[in-house]
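Colleague: Read top to bottom, the protein sequences are chains A and B. Number 1058 in this note's numbering belongs to position 145 of the first sequence; there are no gaps in the numbering. Number 1038 in this note's numbering belongs to position 125 of the second sequence; there are no gaps in the numbering. Let me give you the structure first, and then I'll get to my questions.
There are 2 protein chains.
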Amino acid sequence: MEKIEPSKAYRLLEPGPILLVTTALKGKANVMTMGFHMMIQHDPPLIGCVIGPWDHSYTALRETGECVLAIPTVDLAKTVVDIGNCSGADTDKFAAFKLETKKAAKVSAPLLPACLANIECRVADDTLVKKYNLFVLEAVAIWMDRDRKERRMLHHQGDGTFTTDGRTIDLKARMVRWREFQVAL
Amino acid sequence: MEKIEPSKAYRLLEPGPILLVTTALKGKANVMTMGFHMMIQHDPPLIGCVIGPWDHSYTALRETGECVLAIPTVDLAKTVVDIGNCSGADTDKFAAFKLETKKAAKVSAPLLPACLANIECRVADDTLVKKYNLFVLEAVAIWMDRDRKERRMLHHQGDGTFTTDGRTIDLKARMVRWREFQVAL
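In structure tokens:
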């Protein structure tokens, strides 16, 4: 995996992919599936996401303030759903789903090398956590797997169906007002 | 367009489509393109989005607390980019892009019948507007165009390129833990 600038997070997250989120508390890691997230700011790169007390990962995120957002592609579709259908409270999901992990650079949560990209994050603001379970995260490091061929992200329709990335439309030439955001991934 | 329950907003927004946002202030409507948004809560349906003072629509949203989130499909790709590349300060975008509007049911902002769906919204929480330009909206009405054949959403990669919806993967049968979210659109 190759390190890329944290400020490029929007290139990966603005398309709205379903994500896997890893955390680690007292040496025990967990992974969950998350569909409620957004970019909040390009640079410094801020990300909003909803993780609630119903998620086993909530406690670890609250206590450590750290997580990794990993972007799975279509080859992992079933695993993404299955991870969301069991709990870290009684399941070692990494073992159950044969998910390899790798040490992150700046956070305690592990990276998932099976994913297209991994975004290391720290909680930047918890103002709205009590009311909406809405965390504001800052991306502090990003890793990308440059070698993988499969790059189609999954977009969750909320009910267990996913649309996969199809054709790409390139309209960069028309986006004259926002040229500064046309950085290579 | 057919009215559907506001609580179905997540079925349309969790996939992460690029959106058009309409507002209206003192009888003057405007439309902008928005890529930074997320579902925050299924029901009551809460949506997070970033609209900043650099957007002409910001003042209208602040003053009226109302907007419409419209979901364009691939046939509108160029219009989506062009709307994001001019300002309501000096352009009547509805005229410039030949965009038909229709009166909404609950808000002053207009609907865009050319889009797949229109979500009427009211600002529910502005706690983080000052800090991040992050609005929490509540969906109060949704309209869907049942007759249109083109339903492929656009996912903005942040630089003027878009991935379009490709194949659908149906994994509803595996999503046993969250059956209550499997409502028809």
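Every residue, glycine too, gets a C-beta built ideally from N, C-alpha and C.
Checking contacts by CB at 8 Å: is B:M947 closer than that to chain A?
Modeller: Your numbering for residue 947 of chain B matches position 34 in the second sequence. Output row for B:M947: interface = no.
Colleague: Just to confirm before moving on: does the CB-CB distance between A:V994 and A:G1073 stay below 8 Å?
Modeller: By one-based count along the first sequence, residue 994 of chain A stands at place 81. By one-based count along the first sequence, residue 1073 of chain A stands at place 160. Going by C-beta atoms, A:V994 is nearer than 8 Å to A:G1073.
Colleague: Within this structure, are the beta carbons of B:P958 and B:A1052 separated by less than 8 Å?
Modeller: As a first step, residue 958 of chain B is located in the second sequence; it is residue number 45 there, counting from the start. As a first step, residue 1052 of chain B is located in the second sequence; it is residue number 139 there, counting from the start. Closer than 8 Å, so yes.
Colleague: In angstroms, rounded to a whole number, what distance separates the CA positions of A:W1091 and A:K1085?
Modeller: To locate residue 1091 of chain A, count along the first sequence from 1; it is residue 178. To locate residue 1085 of chain A, count along the first sequence from 1; it is residue 172. Going from the Cα of A:W1091 to the Cα of A:K1085 covers about 9 Å.
Colleague: At a Cβ cut of 8 Å, what residues of the segment 958-992 of chain B count as close to chain A, listed as they run along the chain?
Modeller: L959, G961, C962, V963, V987, A990, K991
Colleague: Quick check: what's the CA-CA separation for B:L982 versus A:G940?
Modeller: Counting from one through the second sequence, the residue named residue 982 of chain B turns up at place 69. Counting from one through the first sequence, the residue named residue 940 of chain A turns up at place 27. Cα to Cα, the separation comes out at about 43 Å.
Colleague: Would you mind working out which of A:A973, A:N998, A:L1050, A:N1046 sits nearest A:E1033, comparing C-alpha positions?
Modeller: Against the first sequence, residue 1033 of chain A aligns to sequence position 120. Nearest C-alpha to A:E1033: A:L1050.
Colleague: Cβ closer than 7 Å: which chain A residues qualify as neighbours of B:P928?
Modeller: Here residue 928 of chain B is taken as the residue at index 15 of the second sequence, counted from 1. Those within 7 Å of B:P928 in chain A are G929, H1068, H1069, Q1070, T1076.
Colleague: Just the Cα atoms here: how many angstroms apart are B:E1093 and A:G1071?
Modeller: In the second sequence, counting from the first residue as 1, residue 1093 of chain B sits at position 180. In the first sequence, counting from the first residue as 1, residue 1071 of chain A sits at position 158. If I take the Cα positions, the gap works out to 10 Å.
Colleague: In chain B, what lies closer than 7 Å to A:K1085 by C-beta?
Modeller: The count along the first sequence starts at 1 and reaches residue 1085 of chain A at position 172. D1072, G1073, T1074, listed in chain order.
Colleague: Under the rule that 16 or more other beta-carbon atoms within 10 Å means buried, what is B:G965, buried or exposed?
Modeller: The count along the second sequence starts at 1 and reaches residue 965 of chain B at position 52. When all chains shown are included, B:G965 counts as exposed.
Colleague: Please return the same chain residues whose Cβ sits closer than 7 Å to the Cβ of A:R1059, not counting the five positions on each side in sequence.
Modeller: Numbered from 1 along the first sequence, position 146 holds the residue referred to as residue 1059 of chain A. For A:R1059, where only same-chain residues beyond five positions count, the Cβ hits under 7 Å are E915.
Colleague: Any beta carbon from chain A within less than 8 Å of B:N943's own beta carbon?
Modeller: Within the second sequence, residue 943 of chain B is the residue found at index 30, counting from 1. No, its Cβ sits nowhere closer than 8 Å to a Cβ of chain A.
Colleague: List in chain order: all unbroken beta strand (DSSP E) runs of 3+ residues lying wholly within the segment 980-1037 of chain B.
Modeller: Counting whole runs of 3 or more residues, the segment 980-1037 of chain B contains no beta strand (DSSP E) stretch at all.
Colleague: Going by DSSP, what residues sit across from A:A1086 in a beta bridge?
Modeller: Against the first sequence, residue 1086 of chain A aligns to sequence position 173. In DSSP, A:A1086 forms no bridge with anything.
Colleague: Using a cut-off of 8 Å between C-beta atoms, extract the partners of B:R1090 located in chain A.
Modeller: Against the second sequence, residue 1090 of chain B aligns to sequence position 177. Simply G997, N998, C999.
Colleague: What are the boundary residues of the beta strand (DSSP E) that includes A:E1051?
Modeller: Within the first sequence, the letter at position 138 stands for residue 1051 of chain A. Residues 1047-1057.
Colleague: Let's see if you can read the secondary structure: which residues bound the alpha helix (DSSP H) around B:L974?
Modeller: Along the second sequence, read from residue 1 onward, the residue named residue 974 of chain B stands at position 61. Counting along the chain, the alpha helix (DSSP H) containing B:L974 begins and ends at 970-977.
Colleague: Counting pairs of beta carbons, one from the segment 967-981 of chain A and one from the segment 930-944 of chain A, are three or more of them closer than 8 Å?
Modeller: yes
Colleague: Could one say the Cβ of B:F1010 lies closer than 8 Å to chain A's Cβ atoms, at least one of them?
Modeller: The sequence position of residue 1010 of chain B within the second sequence is 97, counting from 1. Closer than 8 Å: no.
Colleague: Find the nearest neighbour of A:L1067 within the set A:E976, A:G929, A:K921, judged by alpha-carbon distance.
Modeller: Your numbering for residue 1067 of chain A matches position 154 in the first sequence. When only C-alpha atoms are compared, the closest one is A:G929.
Colleague: Are there 16 or more other CB atoms within 10 angstroms of the CB of B:K1006, so buried, or fewer, so exposed?
Modeller: As a first step, residue 1006 of chain B is located in the second sequence; it is residue number 93 there, counting from the start. Taking all protein chains in view, the Cβ of B:K1006 is crowded by 16 or more other Cβ atoms within 10 Å, so the residue is classified as buried.
Colleague: Who are the near neighbours of B:C1028 in its chain, counting only those whose CB is closer than 6 Å to its CB and skipping five residues on each side?
Modeller: Here residue 1028 of chain B is taken as the residue at index 115 of the second sequence, counted from 1. For B:C1028, where only same-chain residues beyond five positions count, the Cβ hits under 6 Å are A983, I984, P985.
Colleague: Could you give the residue range of the beta strand (DSSP E) that holds B:L932?
Modeller: As a working note, residue 932 of chain B is residue 19 in the second sequence. Start and end: 932-938.
Colleague: Of all the CB atoms in chain B, is at least one closer than 8 Å to the CB of A:M1057?
Modeller: The residue given as residue 1057 of chain A occupies position 144 in the first sequence. Output row for A:M1057: interface = no.
Colleague: Which of the three DSSP states, helix, strand or coil, is assigned to B:V1096?
Modeller: Here residue 1096 of chain B is taken as the residue at index 183 of the second sequence, counted from 1. DSSP places B:V1096 in coil when its eight states are reduced to three.
Colleague: What in chain A is Cβ-close to B:V994, meaning under 8 Å?
Modeller: In the second sequence, counting from the first residue as 1, residue 994 of chain B sits at position 81. Neighbours of B:V994 on chain A, chain order: L1084, R1087, M1088.
Colleague: At least one CB of chain A closer than 8 Å to the CB of B:I953: is that the case?
Modeller: Locating residue 953 of chain B in the second sequence gives position 40, where the first residue counts as 1. So yes, B:I953 belongs to the interface.
Colleague: Based on DSSP bridge pairs, tell me the residues matched to A:I960.
Modeller: On the first sequence, position 47 is the one that residue 960 of chain A refers to. A:I960 is bridged to A:M952, A:L1050.
Colleague: So, is B:T992 buried or exposed, given that buried needs 16 or more other C-beta atoms within 10 angstroms?
Modeller: Residue 992 of chain B sits at position 79 when you count from the first residue of the second sequence. Around the Cβ of B:T992, a 10 Å sphere holds 16 or more other Cβ atoms; the residue is buried.
Colleague: Under a three-way DSSP split, which group does A:L925 fall into?
Modeller: As a working mapping, residue 925 of chain A is identified with position 12 in the first sequence. In this structure, A:L925 counts as helix in the three-state DSSP scheme.
Colleague: Using 10 angstroms around the beta-carbon of A:E976, count the other beta-carbons present and answer buried if the total reaches 16, otherwise exposed.
Modeller: For the purposes of this step, residue 976 of chain A is taken as the residue at position 63 of the first sequence. Flag for A:E976 reads exposed.
Colleague: Less than 8 Å between the CB atoms is what I'm expecting for A:M945 and A:G997, so what's the real figure, rounded?
Modeller: Reading the first sequence from its first residue, position 32 is the one you call residue 945 of chain A. Reading the first sequence from its first residue, position 84 is the one you call residue 997 of chain A. Confirmed, Cβ separation roughly 7 Å.
Colleague: A:K1133 to B:T1040, Cα distance in whole Å?
Modeller: Shown here, chain A extends from 914 to 1098; a query on residue 1133 of chain A therefore has no answer.
Colleague: Listed in chain order, which residues of the segment 1007-1031 of chain B have Cβ atoms closer than 7 Å to some Cβ of chain C?
Modeller: No chain C appears in the structure shown, which is made up of the protein chains A and B.
Colleague: Can a CB atom of chain B be found closer than 8 Å to the CB of A:R924?
Modeller: Reading the first sequence from its first residue, position 11 is the one you call residue 924 of chain A. Chain B contact via Cβ: present.
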